[in-house]
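If you use my numbering, the sequence shown corresponds to residues 168 to 575, in order.
The C-beta atom is built at its ideal place from N, Cα and C for all residues, glycine as well.
Quick caveat: nothing in here was measured; it's all calculated off a predicted structure.
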Amino acid sequence: MKINGNIIIGQSGGPTAAINSSLAGVFCGGKKFCDGKIYGMRNGVEGLLDERIIELSDYIKSDRDVELLKRTPSSYLGSCRFKLPEPVEGNEIYEKLFSIFEKYNIKGFFYIGGNDSMDTVKKLSEYAAFNGSDVRFIGVPKTIDNDLVITDHTPGFGSAAKFVATVTKELVRDGLVYEMESVTIVEIMGRDAGWLTGASALSKGDDCEGPAMVLLPEVPFDYEYVKGRIAEIIKTQKSIVITVSEGVKTADGKYVCELGSSKGTDTFGHTMLTGTAQTIATMLKNDLGIKTRAVELSTLQRCASHIASLTDLTESAAVGEYAVKAASEGQSGKMALLKRISDDPYICVTDTADVREVANLAKSVPLSMINENGDHVTEEFIKYVRPLIEGEVSQLTVNGLPQHIKLD
(Lines of atoms letter the chains of each structure in order from A; the text may use other names.)
(Lines give C-alpha, C1' and ligand atoms only; values in the text may rest on other atoms or scores of the structure.)
Protein backbone atom coordinates (compact mmCIF):
# COMPACT_ATOMS: atom_id res chain seq x y z
CA MET A 168 0.00 0.00 0.00
CA LYS A 169 1.38 3.42 -0.97
CA ILE A 170 0.38 7.05 -0.57
CA ASN A 171 -1.29 8.04 -3.83
CA GLY A 172 0.10 11.53 -4.24
CA ASN A 173 2.95 13.69 -2.97
CA ILE A 174 4.25 14.15 0.56
CA ILE A 175 5.87 17.09 2.31
CA ILE A 176 8.29 17.23 5.24
CA GLY A 177 9.13 20.05 7.64
CA GLN A 178 11.32 20.63 10.68
CA SER A 179 10.39 22.86 13.60
CA GLY A 180 11.80 24.12 16.87
CA GLY A 181 15.38 23.74 18.04
CA PRO A 182 17.55 21.27 16.10
CA THR A 183 19.36 18.20 17.39
CA ALA A 184 22.30 16.14 16.17
CA ALA A 185 19.75 13.56 14.96
CA ILE A 186 16.95 15.67 13.45
CA ASN A 187 18.38 15.27 9.95
CA SER A 188 18.59 11.53 10.49
CA SER A 189 14.82 11.59 10.99
CA LEU A 190 14.52 13.67 7.83
CA ALA A 191 16.58 11.05 6.00
CA GLY A 192 14.26 8.39 7.40
CA VAL A 193 11.14 10.19 6.15
CA PHE A 194 12.81 10.72 2.76
CA CYS A 195 13.70 7.02 2.46
CA GLY A 196 10.23 6.10 3.68
CA GLY A 197 8.79 8.32 0.98
CA LYS A 198 10.77 6.39 -1.62
CA LYS A 199 9.23 3.15 -0.34
CA PHE A 200 5.68 4.15 0.56
CA CYS A 201 4.78 7.06 -1.72
CA ASP A 202 3.99 7.10 -5.44
CA GLY A 203 4.64 10.80 -5.88
CA LYS A 204 7.16 13.52 -5.14
CA ILE A 205 8.84 14.21 -1.81
CA TYR A 206 8.74 17.89 -0.98
CA GLY A 207 10.48 19.78 1.80
CA MET A 208 9.16 22.98 3.36
CA ARG A 209 11.80 25.59 4.09
CA ASN A 210 11.51 26.87 7.67
CA GLY A 211 8.55 24.74 8.64
CA VAL A 212 4.92 25.82 8.48
CA GLU A 213 5.98 29.45 8.40
CA GLY A 214 7.86 28.84 5.15
CA LEU A 215 5.07 26.66 3.81
CA LEU A 216 2.67 29.59 4.06
CA ASP A 217 5.01 31.46 1.69
CA GLU A 218 5.27 28.36 -0.55
CA ARG A 219 8.99 28.05 0.01
CA ILE A 220 8.94 24.45 -1.11
CA ILE A 221 11.66 22.30 -2.67
CA GLU A 222 11.66 18.85 -4.20
CA LEU A 223 14.08 16.91 -2.02
CA SER A 224 15.16 14.51 -4.76
CA ASP A 225 16.80 17.49 -6.49
CA TYR A 226 19.16 17.82 -3.52
CA ILE A 227 19.45 14.34 -2.02
CA LYS A 228 20.58 12.38 -5.07
CA SER A 229 22.51 9.38 -3.78
CA ASP A 230 22.97 7.00 -0.87
CA ARG A 231 26.03 9.04 0.11
CA ASP A 232 23.87 12.17 0.32
CA VAL A 233 21.51 10.29 2.64
CA GLU A 234 24.42 9.26 4.86
CA LEU A 235 25.79 12.82 4.88
CA LEU A 236 22.35 14.09 5.83
CA LYS A 237 22.19 11.74 8.81
CA ARG A 238 25.54 13.09 10.05
CA THR A 239 24.84 16.78 9.44
CA PRO A 240 23.87 18.92 12.46
CA SER A 241 21.20 21.65 12.59
CA SER A 242 17.97 21.46 10.58
CA TYR A 243 18.67 20.85 6.90
CA LEU A 244 15.37 22.42 5.84
CA GLY A 245 15.59 25.25 8.35
CA SER A 246 13.21 25.67 11.25
CA CYS A 247 10.65 28.02 12.75
CA ARG A 248 8.83 28.73 15.98
CA PHE A 249 5.39 29.37 14.53
CA LYS A 250 2.31 28.67 16.63
CA LEU A 251 -0.86 27.88 14.72
CA PRO A 252 -4.09 29.36 16.06
CA GLU A 253 -6.96 27.09 17.05
CA PRO A 254 -8.44 25.36 13.99
CA VAL A 255 -11.81 27.13 13.56
CA GLU A 256 -13.85 27.25 10.35
CA GLY A 257 -12.97 30.16 8.11
CA ASN A 258 -9.51 30.72 9.56
CA GLU A 259 -7.40 32.22 6.78
CA ILE A 260 -4.17 30.45 7.78
CA TYR A 261 -5.77 26.99 7.58
CA GLU A 262 -7.56 27.81 4.34
CA LYS A 263 -4.27 28.93 2.83
CA LEU A 264 -2.37 25.85 4.03
CA PHE A 265 -4.97 23.44 2.68
CA SER A 266 -5.11 25.28 -0.63
CA ILE A 267 -1.34 24.76 -0.86
CA PHE A 268 -1.79 21.06 -0.10
CA GLU A 269 -4.31 20.86 -2.94
CA LYS A 270 -2.08 22.85 -5.33
CA TYR A 271 0.87 20.50 -4.80
CA ASN A 272 -1.28 17.35 -4.48
CA ILE A 273 -0.01 16.77 -0.95
CA LYS A 274 -1.46 13.64 0.62
CA GLY A 275 1.04 13.19 3.48
CA PHE A 276 2.38 15.83 5.86
CA PHE A 277 5.28 14.98 8.20
CA TYR A 278 6.50 17.38 10.86
CA ILE A 279 9.69 16.71 12.81
CA GLY A 280 9.76 18.49 16.14
CA GLY A 281 8.95 18.65 19.83
CA ASN A 282 5.91 19.58 21.88
CA ASP A 283 4.89 22.68 19.95
CA SER A 284 5.38 20.83 16.66
CA MET A 285 3.10 18.01 17.82
CA ASP A 286 0.53 20.71 18.63
CA THR A 287 0.79 21.81 14.97
CA VAL A 288 0.18 18.23 13.79
CA LYS A 289 -2.78 17.92 16.15
CA LYS A 290 -4.42 21.12 14.91
CA LEU A 291 -3.87 20.37 11.23
CA SER A 292 -5.24 16.83 11.57
CA GLU A 293 -8.29 18.11 13.47
CA TYR A 294 -8.99 20.71 10.79
CA ALA A 295 -8.57 18.06 8.08
CA ALA A 296 -10.99 15.70 9.82
CA PHE A 297 -13.57 18.46 10.30
CA ASN A 298 -13.40 19.44 6.64
CA GLY A 299 -13.16 15.96 5.14
CA SER A 300 -9.62 16.38 3.80
CA ASP A 301 -7.75 13.22 2.84
CA VAL A 302 -4.31 14.65 3.76
CA ARG A 303 -2.66 12.52 6.46
CA PHE A 304 -0.70 14.22 9.22
CA ILE A 305 2.03 12.44 11.20
CA GLY A 306 4.42 13.90 13.79
CA VAL A 307 8.01 12.71 14.05
CA PRO A 308 9.40 13.35 17.57
CA LYS A 309 12.56 15.33 18.18
CA THR A 310 14.02 17.08 21.22
CA ILE A 311 17.18 16.90 23.27
CA ASP A 312 15.01 17.53 26.34
CA ASN A 313 13.46 14.02 26.18
CA ASP A 314 10.23 15.46 27.55
CA LEU A 315 7.67 14.06 25.08
CA VAL A 316 5.22 11.66 26.70
CA ILE A 317 4.35 8.09 25.61
CA THR A 318 7.51 7.53 23.56
CA ASP A 319 10.15 5.70 25.62
CA HIS A 320 12.63 8.41 24.70
CA THR A 321 12.97 11.10 22.10
CA PRO A 322 15.20 11.02 19.01
CA GLY A 323 17.98 13.55 19.55
CA PHE A 324 18.24 12.98 23.29
CA GLY A 325 20.74 10.12 23.10
CA SER A 326 23.30 12.13 21.14
CA ALA A 327 22.91 15.18 23.38
CA ALA A 328 23.22 12.96 26.46
CA LYS A 329 26.42 11.44 25.06
CA PHE A 330 27.85 14.92 24.49
CA VAL A 331 26.87 16.15 27.97
CA ALA A 332 28.34 13.09 29.71
CA THR A 333 31.55 13.38 27.69
CA VAL A 334 32.01 17.10 28.39
CA THR A 335 31.27 16.58 32.09
CA LYS A 336 33.93 13.89 32.23
CA GLU A 337 36.44 16.20 30.56
CA LEU A 338 35.60 19.10 32.89
CA VAL A 339 36.09 16.88 35.92
CA ARG A 340 39.59 16.02 34.68
CA ASP A 341 40.38 19.63 33.85
CA GLY A 342 39.41 20.80 37.32
CA LEU A 343 42.01 18.56 38.93
CA VAL A 344 44.96 20.32 37.26
CA TYR A 345 45.63 22.73 40.14
CA GLU A 346 45.80 22.07 43.87
CA MET A 347 43.12 24.52 44.93
CA GLU A 348 39.52 24.55 46.05
CA SER A 349 37.28 25.17 43.06
CA VAL A 350 33.74 24.57 41.90
CA THR A 351 32.70 24.39 38.25
CA ILE A 352 28.99 24.93 37.61
CA VAL A 353 27.86 23.47 34.29
CA GLU A 354 24.58 24.78 32.88
CA ILE A 355 22.69 22.27 30.73
CA MET A 356 19.55 22.72 28.66
CA GLY A 357 16.22 21.70 30.16
CA ARG A 358 13.40 24.11 30.95
CA ASP A 359 10.97 21.85 32.77
CA ALA A 360 12.60 18.40 32.60
CA GLY A 361 16.04 17.40 33.83
CA TRP A 362 16.73 14.42 31.59
CA LEU A 363 19.69 16.00 29.84
CA THR A 364 21.26 17.32 33.03
CA GLY A 365 20.80 13.91 34.63
CA ALA A 366 22.78 12.40 31.75
CA SER A 367 25.88 14.13 33.12
CA ALA A 368 25.92 11.41 35.80
CA LEU A 369 26.85 8.85 33.14
CA SER A 370 30.36 10.35 33.29
CA LYS A 371 31.01 8.60 36.60
CA GLY A 372 33.16 5.49 36.34
CA ASP A 373 36.43 3.92 37.38
CA ASP A 374 38.30 6.76 35.70
CA CYS A 375 36.03 9.67 36.69
CA GLU A 376 34.35 10.89 39.88
CA GLY A 377 31.43 12.36 37.93
CA PRO A 378 29.46 15.42 39.07
CA ALA A 379 29.25 15.97 42.81
CA MET A 380 25.70 17.27 42.50
CA VAL A 381 23.06 17.09 39.75
CA LEU A 382 20.39 19.77 40.11
CA LEU A 383 17.16 19.22 38.18
CA PRO A 384 14.07 21.42 37.63
CA GLU A 385 11.91 18.66 39.14
CA VAL A 386 13.34 19.62 42.56
CA PRO A 387 12.98 23.18 43.95
CA PHE A 388 16.37 24.90 44.13
CA ASP A 389 17.44 25.53 47.72
CA TYR A 390 20.54 27.70 47.66
CA GLU A 391 21.28 27.31 51.38
CA TYR A 392 21.26 23.53 51.04
CA VAL A 393 23.45 23.61 47.93
CA LYS A 394 25.91 25.99 49.58
CA GLY A 395 26.13 23.84 52.71
CA ARG A 396 26.54 20.64 50.76
CA ILE A 397 29.35 22.11 48.65
CA ALA A 398 31.09 23.41 51.76
CA GLU A 399 31.11 19.85 53.12
CA ILE A 400 32.24 18.17 49.88
CA ILE A 401 35.06 20.64 49.29
CA LYS A 402 36.70 19.61 52.57
CA THR A 403 37.70 16.26 51.09
CA GLN A 404 37.41 16.86 47.34
CA LYS A 405 39.32 19.98 46.34
CA SER A 406 37.78 20.40 42.89
CA ILE A 407 34.20 19.49 42.06
CA VAL A 408 31.77 19.82 39.18
CA ILE A 409 28.08 20.63 39.70
CA THR A 410 25.63 20.18 36.81
CA VAL A 411 22.43 22.22 36.78
CA SER A 412 19.44 22.49 34.47
CA GLU A 413 18.89 25.95 33.03
CA GLY A 414 15.27 25.80 34.20
CA VAL A 415 15.78 25.20 37.93
CA LYS A 416 13.44 27.27 40.08
CA THR A 417 13.25 28.31 43.69
CA ALA A 418 10.40 27.07 45.88
CA ASP A 419 8.39 30.20 45.05
CA GLY A 420 8.58 29.42 41.32
CA LYS A 421 11.22 31.94 40.27
CA TYR A 422 13.88 30.84 37.80
CA VAL A 423 17.35 30.91 39.36
CA CYS A 424 18.66 32.75 36.30
CA GLU A 425 16.20 35.56 37.10
CA LEU A 426 17.89 36.12 40.45
CA GLY A 427 20.72 37.81 38.58
CA SER A 428 18.68 39.83 36.06
CA SER A 429 15.31 39.94 34.34
CA LYS A 430 14.86 37.83 31.22
CA GLY A 431 12.85 38.28 28.02
CA THR A 432 10.48 35.76 26.44
CA ASP A 433 10.48 33.83 23.15
CA THR A 434 7.73 33.66 20.53
CA PHE A 435 5.80 31.10 22.60
CA GLY A 436 5.95 33.25 25.74
CA HIS A 437 8.60 31.07 27.42
CA THR A 438 11.15 32.84 29.63
CA MET A 439 14.52 32.91 27.87
CA LEU A 440 16.79 30.91 30.14
CA THR A 441 20.48 31.73 30.37
CA GLY A 442 22.88 32.63 33.13
CA THR A 443 21.79 30.03 35.70
CA ALA A 444 25.33 28.69 36.20
CA GLN A 445 26.82 32.17 36.39
CA THR A 446 24.26 33.26 38.99
CA ILE A 447 25.04 30.26 41.22
CA ALA A 448 28.80 30.60 40.68
CA THR A 449 28.75 34.26 41.72
CA MET A 450 26.72 33.52 44.85
CA LEU A 451 29.04 30.68 45.89
CA LYS A 452 32.16 32.74 45.28
CA ASN A 453 30.83 35.55 47.45
CA ASP A 454 29.59 33.31 50.26
CA LEU A 455 32.27 30.59 50.37
CA GLY A 456 35.27 32.57 49.15
CA ILE A 457 36.36 29.84 46.73
CA LYS A 458 37.23 29.86 43.07
CA THR A 459 34.17 29.25 40.90
CA ARG A 460 33.67 28.90 37.19
CA ALA A 461 30.47 28.86 35.13
CA VAL A 462 30.28 26.83 31.94
CA GLU A 463 27.21 27.17 29.72
CA LEU A 464 27.09 24.41 27.11
CA SER A 465 24.37 26.29 25.20
CA THR A 466 23.76 25.27 21.57
CA LEU A 467 26.73 22.87 21.56
CA GLN A 468 24.43 20.32 23.17
CA ARG A 469 22.17 20.16 20.14
CA CYS A 470 24.68 20.44 17.29
CA ALA A 471 27.59 18.21 18.34
CA SER A 472 27.14 15.66 15.56
CA HIS A 473 30.81 14.69 15.79
CA ILE A 474 29.98 12.69 18.92
CA ALA A 475 26.49 11.52 18.00
CA SER A 476 25.17 8.23 19.35
CA LEU A 477 24.86 5.51 16.73
CA THR A 478 21.82 4.18 18.58
CA ASP A 479 20.22 7.62 18.38
CA LEU A 480 20.85 8.16 14.67
CA THR A 481 19.67 4.65 13.81
CA GLU A 482 16.47 5.01 15.84
CA SER A 483 15.82 8.53 14.54
CA ALA A 484 15.93 7.33 10.95
CA ALA A 485 13.73 4.34 11.81
CA VAL A 486 11.08 6.58 13.40
CA GLY A 487 11.07 8.85 10.34
CA GLU A 488 10.61 5.95 7.95
CA TYR A 489 7.91 4.38 10.11
CA ALA A 490 5.96 7.65 10.07
CA VAL A 491 5.56 7.36 6.28
CA LYS A 492 4.64 3.69 6.55
CA ALA A 493 1.94 4.59 9.09
CA ALA A 494 0.52 7.25 6.77
CA SER A 495 0.53 4.78 3.86
CA GLU A 496 -1.61 2.48 6.02
CA GLY A 497 -4.17 5.25 6.50
CA GLN A 498 -3.09 6.66 9.85
CA SER A 499 -3.36 10.39 10.56
CA GLY A 500 -3.26 12.60 13.63
CA LYS A 501 -0.55 10.36 15.05
CA MET A 502 3.02 10.65 16.31
CA ALA A 503 5.58 7.98 15.50
CA LEU A 504 7.38 6.78 18.62
CA LEU A 505 9.83 4.37 20.19
CA LYS A 506 8.67 1.54 22.46
CA ARG A 507 11.24 -0.24 24.63
CA ILE A 508 10.53 -3.94 24.86
CA SER A 509 13.75 -5.10 26.52
CA ASP A 510 16.51 -3.67 28.70
CA ASP A 511 18.91 -6.60 28.43
CA PRO A 512 19.52 -6.77 25.59
CA TYR A 513 18.30 -3.27 24.82
CA ILE A 514 15.58 -3.39 22.14
CA CYS A 515 13.24 -0.61 20.97
CA VAL A 516 10.60 -0.89 18.25
CA THR A 517 8.60 1.75 16.37
CA ASP A 518 4.90 2.45 16.90
CA THR A 519 2.42 5.34 16.81
CA ALA A 520 0.18 7.12 19.30
CA ASP A 521 -2.63 9.65 18.99
CA VAL A 522 -0.90 13.03 18.78
CA ARG A 523 -3.60 14.49 21.04
CA GLU A 524 -2.15 12.38 23.84
CA VAL A 525 1.28 13.95 23.27
CA ALA A 526 0.84 17.61 22.29
CA ASN A 527 1.33 20.20 25.04
CA LEU A 528 2.26 17.60 27.65
CA ALA A 529 5.69 17.16 29.24
CA LYS A 530 7.44 14.13 30.74
CA SER A 531 9.41 14.93 33.87
CA VAL A 532 12.13 12.83 35.45
CA PRO A 533 10.20 10.60 37.90
CA LEU A 534 11.02 10.82 41.59
CA SER A 535 12.22 7.20 41.53
CA MET A 536 15.11 8.39 39.36
CA ILE A 537 16.11 11.19 41.75
CA ASN A 538 17.86 10.50 45.06
CA GLU A 539 16.28 11.29 48.43
CA ASN A 540 18.26 14.52 48.86
CA GLY A 541 17.13 15.73 45.43
CA ASP A 542 20.70 16.50 44.37
CA HIS A 543 21.57 13.53 42.13
CA VAL A 544 20.05 10.77 40.00
CA THR A 545 19.64 7.11 40.91
CA GLU A 546 20.86 3.91 39.30
CA GLU A 547 17.42 3.51 37.71
CA PHE A 548 18.09 6.69 35.73
CA ILE A 549 21.52 5.46 34.63
CA LYS A 550 20.06 2.12 33.51
CA TYR A 551 17.41 3.92 31.46
CA VAL A 552 19.76 6.33 29.67
CA ARG A 553 22.94 4.25 29.24
CA PRO A 554 21.81 2.27 26.13
CA LEU A 555 20.80 5.47 24.34
CA ILE A 556 24.37 6.80 24.11
CA GLU A 557 25.91 3.58 22.83
CA GLY A 558 27.75 3.30 19.52
CA GLU A 559 29.98 5.62 17.53
CA VAL A 560 29.16 7.21 14.19
CA SER A 561 31.88 7.06 11.56
CA GLN A 562 32.46 10.51 10.10
CA LEU A 563 32.65 11.28 6.40
CA THR A 564 35.47 13.81 6.32
CA VAL A 565 37.06 16.34 4.00
CA ASN A 566 40.34 18.12 4.77
CA GLY A 567 40.41 16.44 8.16
CA LEU A 568 36.98 17.72 9.25
CA PRO A 569 33.46 16.22 9.21
CA GLN A 570 31.68 16.81 5.92
CA HIS A 571 28.12 18.18 5.94
CA ILE A 572 25.40 18.55 3.34
CA LYS A 573 23.59 21.87 2.93
CA LEU A 574 21.00 23.53 0.74
CA ASP A 575 22.17 26.10 -1.81
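Runs of beta strand (DSSP E) with 3 or more residues, each lying fully within the segment 440 to 483, are found at 458 to 463, listed in chain order. When only Cα atoms are considered, T335 and V353 end up about 8 Å apart.
In the structure shown, D286 adopts helical secondary structure according to DSSP, grouped into three states.
In this structure, DSSP gives D575 a state outside helix and strand, which the three-state scheme calls coil. L555 and L480 have their C-alpha atoms some 10 Å from each other. For V411, DSSP records a beta bridge to E354, L382. Using a Cβ distance threshold of 8 Å, T519 and L505 do not count as a contacting pair. From the listed residues N187, G541, L215, the smallest Cα separation to I273 is found for L215. Counting the other Cβ atoms within 10 Å of the Cβ of L382 gives 16 or more, which makes it buried. For R523, there is no enclosing beta strand (DSSP E), as DSSP marks it with neither H nor E. The residue from K371, L528, K309 with its alpha-carbon nearest to that of E337 is K371. Around K169, the same chain offers F200, C201, D202, S495 as residues with beta carbons nearer than 7 Å, after the five sequence neighbours per side are excluded. Secondary structure at G487: helix, using DSSP grouped into helix, strand and coil. Taking the C-beta atoms as reference points, G280 is found nearer than 8 Å to G180. Assigned with DSSP and collapsed to three states, F265 falls in helix. Put simply, the backbone Cα of D359 is about 15 Å away from that of D419. F304 and V316 do not touch by the CB rule: their CB atoms are close to 19 Å apart, not below 8 Å.
The way I'd put it, the segment 459 to 475 doesn't touch the segment 535 to 546; fewer than three beta-carbon pairs between them come closer than 8 Å. When I407, S406, Y422 are compared, the shortest CA-CA separation from E413 is found for Y422. Spanning the alpha carbons of I457 and S188 requires a straight line of approximately 44 Å.
Note that the C-beta distance between M285 and A526 is below 8 Å.
In the DSSP assignment, F388 is bridged to T417. The beta-carbon separation of V212 and G177, rounded to 6 Å, stays under the 8 Å limit for a contact. Here M536 carries a helix assignment [DSSP, helix/strand/coil]. Bridge pairing for L369: absent [DSSP]. Three or more Cβ pairs closer than 8 Å define a contact, and the segment 445 to 454 falls short of that threshold against the segment 218 to 227.
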